[in-house]
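Just below is one structure, and these are the notes that go with it.
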């Protein structure tokens with residue numbers, strides 16, 4: 001039902017408020033609504049947050065986004081984790097109505113005494129007890145101006161229309177005809193749900209070696225992989241993501257490069273889960289024991305890394321579930337169990353789960369598995385292909401985990417249609433992989449940045465992975481080292497969460513065949529031994545650059561925000577410019593050359609009002625340490641052989657120069 005002062009089209013809402021919109025502790029988010037009324041009287045609108053304990057926070061006044069649109073906005077910030085609600089209040093504003101009418105009439109000499117009398121009566125309604133001492137002084141002066149007929153009318157009105165009095169009216173409005181829309185739900189997650197730098201590696205590859213006697217590859221273990229943890233932490237990553245660590249099926253095992261002819265020593269795909277050694281609740285014998293895993297997690301945590309574990313709800317043909325719970329799967333007309341397919345791809349080593357056969361049994365088993373790994377220190381799960389499972393299942397599972405352990409986070413690996421991606425986020429996934437990898441041209445990058453920051457932000461949080469074991473985009477295959485640098489810079493600044501799959505820093509770029517996004521000798525099917533120390537010694541690594549990007553992200557709260565993005569115009573179709581800011585004054589401007597092969601020179605034209613920037617300001621390039629004075633228009637030159645991006649911290653032009661970066665960043669080579 002529409003209230004006396006209509007408040008409609010409230011945002012953020014999901015399914016009319018049936019599901020909570022995305023929020024994060026400490027993250028500002030915009031609340032918008034259309035608020036209007038009949039006639040010409042003025043109105044006001046505000047947002048009231050209600051915290052998880054039911055306490056009402058002070059109202060935040062809304063402002064009309066564009067004059068005459070009736071669309072209002074206020075930014076609010078949940079400051080504790082948990083289930084919040086918010087209300088939008090609309091009211092008739094008699095003080096603003098009077099001030100507008102009095103300014104016009106008194107200047108024209110119309111109803112002068114009556115207007116001052118009406119003003120005095122309204123001023124007397126303001127609760128003086130709620131004012132500060134300074135505000136009470138302003139109120140007293142306004143009352144005197146409205147009452148003292150011996151003073152010229154123009155002088156009396158000038159005082160009543162002064163900025164001090166108008167500020168009093170805004171801070172302490174008279175809320176007549178109050179209409180309340182809501183409450184509507186928000187859920188504020190812990191900050192890691194929004195901000196984090198992810199690094200993915202296969203434990204079996206870290207510390208793997210070739211046996212000198214047999215020539216066979218010996219798998220890495222949790223103990224050897226733990227030796228790689230300090231290097232990952234030193235690059236500034238926050239989350240270490242592990243692909244499945246469970247026993248791998250032997251039936252229909254895949255060989256190198258996804259072949260169907262494995263040799264006796266081929267290790268198979270970690271996503272083909274389950275064998276005689278156990279299923280999702282077991283650890284592959286080659287990797288070690290639960291004690292080894294616990295020690296691995298403990299060391300990672302001590303280094304500031306959270307361990308994220310893959311949750312892949314599928315089974316190899318020899319998974320214990322196949323014998324113990326055949327009802328979990330789809331049986332075909334010939335009596336065989338259907339394996340996974342994504343035409344033209346076939347996954348003969350994997351049986352997908354059929355949630356329509358035994359929903360309750362599958363739910364209970366998966367909940368048990370998730371809680372098992374939670375008990376071993378895993379508080380983040382990366383979920384493989386959640387879009388091939390029922391949304392109803394995820395809503396129930398993630399809702400139950402949130403109820404008991406709200407700090408546990410889930411990343412959705414759903415490269416699929418927007419409706420499914422958004423709905424998975426709406427029902428509980430904290431983050432989502434995105435289409436970022438396939439957005440390489442300026443226009444499509446701009447559109448996508450706007451989409452994830454301002455259109456779908458209440459539904460899902462993006463995580464920009466530059467590569468994955470499944471995705472080696474052609475841009476990286478043929479762009480050279482500059483492509484690796486610019487995509488890393490774009491991901492690290494364009495999204496609060498971004499990710500790197502191991503080998504990116506070594507510029508691994510060879511595909512299995514032309515036109516494919518699969519790596520040659522993909523680590524999904526075989527152990528890959530990398531010479532990290534040799535690459536570092538010879539300067540063949542992007543690690544210092546990745547380290548600097550993560551240092552910049554940690555130093556600038558602006559880059560830890562999703563919703564503050566502003567796109568700026570450049571004259572070159574290969575140069576992208578955007579800015580981000582937090583509400584405490586930190587602003588970062590990013591300019592990136594999207595052409596890995598050519599130098600670009602162009603003018604950048606900043607939307608100063610949208611970015612909250614003054615006409616003239618100082619900037620410091622956080623990559624090189626160079627400093628300039630910028631304004632509305634600025635010249636940039638970016639040579640991919642030297643620097644692909646400016647990451648500019650906006651500074652007070654009168655401040656002392658900041659120290660330069662500790663060391664030059666090696667450029668690297670493929």
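In the UniProt record's numbering, the protein residues as written are 1 to 670. Backbone N, C-alpha and C define an ideal beta-carbon position, used for all residues, glycine too.
- In this chain, the alpha helix (DSSP H) harbouring residue 103 covers 94–108.
- Just so you know, the alpha carbons of residue 109 and residue 101 end up roughly 12 Å apart.
- Residue 271 sits close to residue 312, with the two beta carbons spaced by under 9 Å.
- Residue 464: member of the beta strand (DSSP E) spanning 462–465, first to last residue.
- Bounds of the beta strand (DSSP E) holding residue 34 are 29–35.
- Sorting 627, 189 and 302 by C-alpha distance to the C-alpha of residue 22 places 189 at the top.
- The C-beta of residue 569 has fewer than 16 other C-beta atoms within 10 Å across all chains shown, which makes the residue exposed.
- For residue 646, DSSP records a beta bridge to 591.
- Contact between the region 370–384 and the region 411–423 is present: 3 or more CB-CB pairs across the two stretches fall below 8 Å.
- In the displayed model, residue 254 falls within coil according to three-state DSSP, outside both helix and strand.
- Straight across, the Cα-Cα distance linking residue 199 with residue 233 is about 9 Å.
- Taking residue 439 as the centre and dropping the five residues before and after it, the same chain places the C-beta of 445 and 448 closer than 6 Å to its C-beta, in chain order.
- Bounds of the alpha helix (DSSP H) holding residue 292 are 290–302.
- Only residues of its own chain outside the window of five on either side were considered, and among them 154 and 157 have a CB closer than 8 Å to the CB of residue 107, listed in chain order.
- The count of Cβ pairs closer than 8 Å, one atom from the region 197–213 and one from the region 500–517, reaches three, so the stretches are in contact.
- Put simply, the region 637–648 touches the region 586–595. At least three CB pairs are less than 8 Å apart.
- Here DSSP, grouped into helix, strand and coil, assigns residue 116 to helix.
- Residue nearest to residue 97 within the set 173, 89 and 138 is 173 (criterion: CA-CA distance).
- In the DSSP assignment, residue 550 falls within the alpha helix (DSSP H) that extends over 543–555.
- A direct Cα-to-Cα measurement between residue 62 and residue 47 gives close to 7 Å.
- Excluding its 5 nearest sequence neighbours in each direction, residue 178 has C-beta neighbours in its own chain below 7 Å: 89 and 91, listed in chain order.
- If the five residues before and after residue 456 are omitted, its C-beta is found closer than 7 Å to the C-beta atoms of 422, all from its own chain and listed in chain order.
- Counted as a single uninterrupted DSSP element, the beta strand (DSSP E) harbouring residue 9 occupies residues 7–11.
- Using a Cβ distance threshold of 9 Å, residue 185 and residue 84 count as a contacting pair.
- Classified as buried, residue 475 has 16 or more neighbouring CB atoms from the shown chains inside 10 Å of its CB.
- Judged by DSSP secondary structure, residue 264 falls outside any beta strand (DSSP E); it is assigned neither H nor E.
- For residue 49 against residue 86, the beta-carbon gap comes to about 5 Å, under 8 Å, which counts as contact.
- Its Cα nearest to that of residue 578, the residue 564 stands out among 142, 564, 584 and 586.
- Shortest Cα-Cα distance from residue 515 to any of 372, 478 and 277 involves 478.
- Residue 635 counts as exposed, since fewer than 16 other C-beta atoms from the protein chains shown sit within 10 angstroms of its C-beta.
- Annotation for residue 600: 572, 574, 575, 593 and 638 place their beta carbon closer than 7 Å to its own, counting only its chain and skipping 5 residues before and after.
- Using a Cβ distance threshold of 9 Å, residue 243 and residue 52 do not count as a contacting pair.
- Distance from residue 506 to residue 540 at the Cβ level is roughly 7 Å; contact confirmed, criterion being Cβ atoms closer than 8 Å.
- Cα atoms of residue 391 and residue 483: separation of roughly 37 Å, rounded to the nearest angstrom.
- In the DSSP secondary-structure assignment, residue 430 is not bridged to any residue.
- Secondary structure of residue 479 (DSSP, three-state): coil.
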